[in-house]
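Colleague:
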Amino acid sequence: MDTVRTRIAPSPTGFPHIGTIYQVLVDFAFSRQNHGQFVMRLEDTDRARFVEGAEGIIYDAFAWFGLAPDESPKVGGPYAPYRQSERLPLYRKYVDSLIGKGYAYHCFCTRGRLDEMRKTQEKNHQPPMYDQTCLKLTADEVRARLKDGIPYVIRMKVPEHETIAFDDLIAGHIEFDSDVIDHQVILKSDGYPTYHLAVVVDDHLMEISHVFRGKEWISSTPKHVLLYRYFGWDMPVHGHLPLILNEDGKGKLSKRHGHASVEYYRKGGYLPEAVLNYLSNIVWHHPEGKEIYPLAEFIRLFDIRSIGSQAPRFDLKKLDWVNGQYIRALDDKELHERLVAFDASIGTLEHSLVSRTIPLVKERMSTLKEYRSLAGFFFERPKGFERPFAADVLSIGKKALEMTDWDHEAMERAVRSASEKAGIKARDLFMEIRVAVTGKTVGPPLLESLEILGKEETLKRLEIGL
RNA sequence: GGCGCGUUCGUCUAGUGGCCCAGGACGGCUGGUUCUCAACCAGCAAAUCAUGGGUUCGAAUCCCAUACGCGCUACCA
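So in the numbering used here, the last spot in the first sequence is 919, and the numbers never skip.
1. Starting from Glu901 and walking both ways along the alpha helix (DSSP H), at which residues does that stretch end?
2. Do Glu716 and Phe767 have their C-beta atoms within less than 7 Å of each other?
3. Please state if the CB of Val664 and the CB of His691 are separated by a distance shorter than 7 Å.
4. Report the residue ranges of all alpha helix (DSSP H) runs contained in full by the stretch 777–859; include only those spanning at least 4 residues, in chain order.
5. Under the three-state reduction of DSSP, which class applies to Ser714: helix, strand or coil?
6. Checking 7 Å against the spacing of the C-beta atoms, do Tyr683 and Leu551 come in under that value?
7. Would you mind reading off the limits of the alpha helix (DSSP H) that contains Thr459?
8. Using only alpha-carbon positions, find the residue among Asp845, His636 and Glu855 that is nearest to Met582.
9. With 16 as the cutoff for other CB atoms within 10 Å, does Glu669 come out buried or exposed?
10. What whole-angstrom Cβ distance do His789 and Val814 have, given they're in contact under 8 Å?
11. On a Cα-Cα basis, can you pick out the residue from Phe831, Glu916 and Met570 that is closest to Ile905?
12. Could you tell me whether the Cβ atoms of Arg781 and Glu816 are closer together than 7 Å?
13. Could you tell me the distance, in whole angstroms, from the CA atom of Gly721 to the CA atom of Phe515?
14. Thinking C-alpha only, which one of Thr810, Leu821, Asp784 and Asn776 is nearest Val793?
15. Rounded to the nearest angstrom, how far is the Cβ of Pro469 from that of Leu495, given a contact under 8 Å?
16. Could you spell out the range, first to last residue, of the beta strand (DSSP E) harbouring Gln490?
17. Are the beta-carbon atoms belonging to Met864 and Leu900 less than 7 Å from one another?
18. Between the alpha carbons of Ile735 and Gly519, how many angstroms are there, rounded?
19. Terminal residues of the continuous alpha helix (DSSP H) containing Val611?
20. Can you give the beta carbon distance from Gly667 to Gly907, rounded, assuming they're within the 8 Å contact cut?
21. Using a Cβ-Cβ cutoff of less than 8 Å, which residues in the same chain neighbour Arg758 once the five nearest sequence positions on both sides are dropped?
22. Taking the runs of the alpha helix (DSSP H) that are 4 residues or longer, which of them lie wholly in the stretch 644–726?
23. From what residue to what residue does the beta strand (DSSP E) around Tyr558 run?
24. Where DSSP assigns a beta bridge to Leu640, which residues make up the other side?
25. Alpha carbon to alpha carbon, what distance is there between Leu827 and Asp796?
26. Note down the Cα distance separating Trp737 from Leu754, rounded to an integer number of angstroms.
27. Alpha helix (DSSP H) containing Phe481: first to last residue?
28. With burial defined as no fewer than 16 other Cβ atoms inside 10 Å of the residue's Cβ, what is the status of His488: buried or exposed?
29. Determine contact between the stretch 587–603 and the stretch 644–662, defined as no fewer than three beta-carbon pairs at a distance below 8 Å.
30. Pick out whichever of Gly711, Asp785 and Ala764 has its Cα sitting closest to the Cα of Leu732.
31. Would you list the residues sitting across from Asp773 in a DSSP beta bridge?
32. At which residues does the alpha helix (DSSP H) containing Glu750 begin and terminate?
33. Quick check on the burial criterion: 16 or more other C-beta atoms within 10 angstroms. Buried or exposed for Arg460?
34. Based on the DSSP output, what are the partners of Asp621 in its beta bridges?
35. Looking only at its chain, what residues have a beta carbon closer than 7 Å to the beta carbon of Arg869, apart from the 5 residues adjacent to it on each side?
36. Does the stretch 475–486 come close enough to the stretch 495–509 that 3 or more CB-CB pairs lie under 8 Å?
Here it is in structure tokens:
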């Protein structure tokens, strides 16, 4: 069997989309499962949408998830260059061969004419497609226009009344009537190829064996089938992944929604392995019904053919749960390191103090971001209080704590006996102390927290409360 | 409008003709451990398997139609 080679081809148009990572996960896992390579190619043919610096951000994102490509513009590889903008002469050469074989032609139609044409088609309830005006041009007419310097694009021809079929690894057998396939532009007037030409040429030249991409591409695939046929090349196996929908199920996960961007998860305190695990659950179902499993297990067990075809919604609540599971599975030392890596300001806090707070807040966190709100009171006095407190009750607590040894078991005995003596519920007394010391009505176990806070600081805060 | 794909609890799903009066997870609710929250444990509610027709002794599972949803329909990817 030939080597398995998968590829991701992002466009440098901004922060990477979580859908890209979802694809990378499949590419990566499939290539590892089959002892192949995973390639990254930069699809920077759209100069209008190009964003400076986006390429670096893409590497960062991949690295954060631990899904680094084996070949890329950055690390190079035997099929360089991996940036499409550096492969322009190549596309030109293949386009010329297509023209030579009569599978593509020059089109001199202006944007204005094209827009006009589409408008009329829409008005007449016809499918908006190129009307093939320039297909009728004679060789001499083409030569003359070229000589006059009239701008042009190259379009691919499409046979009439033919069924174009392909077998999709995920979606199964798909057929299209060639009459609904447009004479797609394959080379733009600026000399850049469109996606359709570039993807076919590059996937072939880079010896990509398996193409995984979102299902939105399925309607374009017949064009690619045709192109492979025109070139006389074998087509790689294609697998179209189900789209991920927005939380409300209306439309595919879009950049309008903040959580479509990888940045959202990084800044939100999510662990990359948890996000990957969640993404794995979207694309695949564990045979034992497990929902939490490491990437290695996904790579070992997942079956590309078992992927469903329906588009799931993105469920942030479930991601939070998965993330919480991963946080709780971390040992305290590792969680500490992760917190510092996530938020450098946590690294400036007293190290041993942070260490002691971690066991208390760990099971209360679903994201790293929550550490600050959960443990903030250890490091600074509350700036406000969620509710006022009863001074008389509080003074009972203060007296009890003043006289006790400073370990939480002794403190508990002291607080309980004080509340009994005063005829108030212990839980009410706990609550008053909690609000005065932490500013909040909920939080980590009170007495253990006070033990860490220290007697002096605790009493000082109670004093202020009175 | 055309073409393509899809439709099982609120959400993600298991399920490929009898083992399903449909199982699991998230979320919700109730109770327990407990100083609160969280966590953990126990339990509850929640799907006439989109609808209508077939096929079959038997259908969530196969076929057809309808409805709805999503995707594509650019010199964007």
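Backbone N, C-alpha and C define an ideal beta-carbon position, used for all residues, glycine too.
Modeller: According to the data block:
1. Under the DSSP assignment, Glu901 falls in the alpha helix (DSSP H) whose first and last residues are Leu899 to Leu906.
2. Cβ atoms of Glu716 and Phe767: not closer than 7 Å.
3. yes
4. Taking 4 residues as the minimum length, the alpha helix (DSSP H) runs contained wholly in the stretch 777–859 are 785–795, 797–800, 804–814, 823–828 and 844–855, in order along the chain.
5. strand
6. In contact: Tyr683 and Leu551 (Cβ atoms closer than 7 Å).
7. Looking at the DSSP string, Thr459 is not in any alpha helix (DSSP H); the run it does join, the beta strand (DSSP E), is Arg458 to Ile461.
8. His636
9. exposed
10. About 11 Å separates the Cβ atoms of His789 and Val814, ruling out a contact at the 8 Å cut-off.
11. Phe831
12. yes
13. C-alpha separation (whole angstroms): 17 Å.
14. Leu821
15. That belief does not hold up - the Cβ atoms of Pro469 and Leu495 are roughly 12 Å apart, past 8 Å.
16. In the DSSP annotation of this structure, the continuous segment of the beta strand (DSSP E) that includes Gln490 starts and ends at Gln490 to Met493.
17. yes
18. The alpha-carbon of Ile735 is positioned some 19 Å away from that of Gly519.
19. Taken as a continuous stretch (DSSP letters only), Val611 belongs to no alpha helix (DSSP H), as it is neither H nor E.
20. That belief does not hold up - the Cβ atoms of Gly667 and Gly907 are roughly 55 Å apart, past 8 Å.
21. Leu622 and Ile623
22. 648–658, 674–684 and 715–720
23. Ala557 to Cys560
24. Checking the DSSP bridge columns, you'll see Leu640 partnered with Ile607 and Pro646.
25. Here the C-alpha atom of Asp796 lies approximately 14 Å from the C-alpha atom of Leu827.
26. 10 Å
27. Ile471 to Gln486
28. exposed
29. no
30. Checked all of Gly711, Asp785 and Ala764; the closest Cα to Leu732 is Ala764.
31. Paired residue(s): none; Asp773 is not in a bridge.
32. Its alpha helix (DSSP H) spans residues Leu748 to Leu754.
33. buried
34. Gly625 and His691
35. Ala879
36. no
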